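Shown next as structure tokens:
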């Protein structure tokens, strides 16, 4: 299975952070997903060396303190590691809302195709007899899902490559093909959007990722275009999406003392023997469902049925994603 360069770089950092030993290029190639090659094939091995040299240079440009050295005087081949003392951040005090935002970001990162590969890499390190520091990285467990178009569109925006995809809008029966030079992917009001230059309309456009149908096709060469300097992606999405009208009302049952965020949002609240009933305004059931499932068993939807069904569907998607990653991880 092919892997993006971002995944490979992240897994390389995780690998080098997870051991205090110097790891040789051969050990890294055997451990980090994306470096697989036949060392006995001269061309294949040369391709790996070029790829590895580019990745080392990029990590150093990003400020990652990559060290070169040997574990002992008897080692003929140099190895690599990341200096913890230079890479670690000092303690950063966070307010509760700031800590919540960091937690959401971490859970998103854990999803995006990186967690299973990273866990596999650490398992390979341990199997090879490398002393892995379990405190060097965060626990790697997928927690949330994002739209399937998220990974290919973020990769295309990073590499400055054109894309095409089928896009569905509510007032049309069939999706239409769109060609885009993506500038970036952003989250706005609980939804993910890609912003860029629409090649067919010769104008800036925003597309909601949940409305992308099928696979995203990448075309052109890396660096094929340049986004406008200082472009504000969020402002583009905000102007395009317009104000959110929360005309719907949902009733949820909340465990006593739980879900403080929902309580602040509620327009009505009443205590009962089974918990507290809150009435929440919402714009669309899918967006509300994404927020409600984050509270787990502390929140249960009473009505309307469309919100309850949206929550059930969301939970099924998360369960299916966990099962898929478990099976995939176990097969490696």
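Residue numbers (mature numbering (1 follows the signal peptide of the UniProt record, and there is no 0)): -25 to -1, 1 to 307.
Where is the CB? At the ideal position from N, CA and C, for every residue including glycine.
Note that the structure is a prediction, hence the values are computed from the model and not measured.
Starting from residue i and walking both ways along the beta strand (DSSP E), at which residues does that stretch end?
i	result
residue 140	137 to 142
residue 204	That residue, residue 204, is in no beta strand (DSSP E); it is neither H nor E in DSSP.
residue 150	First-last for residue 150: undefined, no H or E at that position.
residue 173	166 to 173
residue 183	178 to 183
residue 192	187 to 194
Is residue j closer than 8 Å to residue i when the C-beta atoms are compared?
i	j	result
residue 42	residue 58	yes
residue 223	residue 197	no
residue 55	residue 3	yes
residue 229	residue 274	yes
residue 167	residue 140	no
residue 138	residue 176	no
residue 170	residue 128	no
residue 204	residue 136	no
residue 243	residue 254	yes
residue -14	residue 30	yes
residue -18	residue 14	no
residue 252	residue 258	no
residue 174	residue 201	no
residue 188	residue 154	no
residue 1	residue 12	no
residue -2	residue 52	yes
residue 268	residue 225	no
residue 231	residue 250	yes
residue 10	residue -4	no
residue 234	residue 270	yes
In the DSSP assignment, find the alpha helix (DSSP H) that holds residue i and state where it starts and stops.
i	result
residue -8	Where residue -8 is concerned, there is no enclosing alpha helix (DSSP H), given that its DSSP letter is neither H nor E.
residue 130	125 to 134
residue 6	-1 to 6
Have a look at the DSSP bridge pairing and note the partners of residue i.
i	result
residue 10	Residue 10 is not bridged to any residue.
residue 57	41
residue 160	169
residue 278	226
Compare the C-beta of residue i against all C-beta atoms of chain C and say whether one is closer than 8 Å.
i	result
residue 174	Among the chains of the structure shown, chain C does not appear; only one protein chain is present.
task: Examine the Cβ distances between the segment 152 to 166 and the segment 179 to 196 and report whether three or more of them are shorter than 8 Å.
output: With the cut-off at 8 Å, the segment 152 to 166 and the segment 179 to 196 touch.
message: Quick check: the segment 262 to 270 against the segment 285 to 292, are at least 3 beta-carbon pairs closer than 8 Å?
response: yes
Any alpha helix (DSSP H) of 4 or more consecutive residues that is wholly inside the segment 207 to 275: 208 to 216, 235 to 240, 260 to 267
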